[in-house]
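Enquirer:
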């Protein structure tokens, strides 16, 4: 739960953006869509695990 | 927990979201969610001390320690709903934000029903 998670997500975002441009220039639009979806899935799994960790710790602390 | 660390995390998240805004618009939401979660986690150990202090005071007072627990629940709900509402507002989804707000308010009122009834009892007793 520290700062490098932010950098990881930023790196994935920029990587997906660059890959998208490269694949679009190369004319492979479907693979560009695939990389975008892959990026979304990876980042979403990271975010969801963090959110669940946040919710469980808040639940235990405030005994919700 | 240090205010400089919190401001640092906030600014780093801000810069990253501004950079990512022009390339991939949807990553801005992930960055704001994660930055908010990191900052809340940073405040947790101080929050723990405050909560322990409150519970100790409640145990000492004995009679209304149950209400302190309800107050803690309400603050927990308030923190989470405010966190979710502002993220939805940042993303421009005011309708979803208002629905989360509604849910939070309904839950808080439903939790505070025993407090209200106890209050009315004491008032009628005094009268």
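Chains as they are written, first to last, in our numbering: chain A, 1 to 64; chain B, 1001 to 1127.
Backbone N, C-alpha and C fix where the C-beta goes; we use that ideal spot for every residue, glycine too.
Determine the direct distance from the alpha carbon of residue 12(A) to that of residue 6(A), and round the result to whole angstroms.
Expert: Going by the C-alpha atoms only, they are around 10 Å apart.
Enquirer: Show which residues of chain B have a CB atom less than 8 Å away from the CB atom of residue 57(A).
Expert: 1041 and 1044, listed in chain order.
Enquirer: Cβ of residue 1081(B) less than 8 Å from any chain A Cβ?
Expert: Taking Cβ atoms only, chain A never reaches closer than 8 Å to residue 1081(B), which makes this a no.
Enquirer: May I ask you to report which of helix, strand or coil DSSP gives residue 27(A)?
Expert: Coil.
Enquirer: How big is the Cα-Cα spacing for residue 33(A) and residue 19(A)?
Expert: Approximately 10 Å, taken between the alpha carbons.
Enquirer: Taking the alpha-carbon of residue 1019(B) as reference, which of 23(A), 22(A), 21(A) and 14(A) has the nearest alpha-carbon?
Expert: That would be 14(A), whose Cα lies nearest to the Cα of residue 1019(B).
Enquirer: Any Cβ of chain A within less than 8 Å of the Cβ of residue 1073(B)?
Expert: So yes, residue 1073(B) belongs to the interface.
Enquirer: Can residue 1111(B) and residue 1073(B) be called in contact, C-beta distance under 8 Å?
Expert: Contact: yes.
Enquirer: Using the rule of at least 16 other Cβ atoms within 10 Å of the residue's Cβ for burial, across every protein chain shown, is residue 1022(B) buried or exposed?
Expert: The residue is exposed, with fewer than 16 neighbouring Cβ atoms inside 10 Å.
Enquirer: Does the distance from the C-beta atom of residue 9(A) to that of residue 1031(B) stay below 8 Å?
Expert: Yes, the pair counts as a contact, with Cβ atoms nearer than the cut-off.
Enquirer: What residues in its chain sit with their C-beta under 8 Å from that of residue 23(A), if we drop five residues either side in the sequence?
Expert: Only 29, 31, 32 and 35 meet the Cβ criterion.
Enquirer: DSSP three-state call for residue 1025(B): helix, strand or coil?
Expert: Note: residue 1025(B) maps to coil in three-state DSSP.
Enquirer: With 8 Å as the threshold, decide whether the Cβ of residue 1085(B) is near any Cβ in chain A.
Expert: With 8 Å as the cut-off, residue 1085(B) does not count as an interface residue toward chain A.
Enquirer: Is DSSP giving residue 1071(B) helix, strand or coil here?
Expert: Note: residue 1071(B) maps to helix in three-state DSSP.
Enquirer: Chain B partners of residue 38(A), CB-CB under 7 Å?
Expert: Neighbours of residue 38(A) on chain B: none; closest Cβ ~13 Å, over 7 Å.
Enquirer: Below 8 Å, can you find three or more Cβ-Cβ pairs linking the stretch 1066 to 1083 of chain B to the stretch 1095 to 1109 of chain B?
Expert: They touch, by the three-pair rule.
Enquirer: For a test of the three-state rule: what should DSSP assign to residue 1043(B), helix, strand or coil?
Expert: In the structure shown, residue 1043(B) sits in coil (DSSP, three-state: anything other than H, G, I, E or B).
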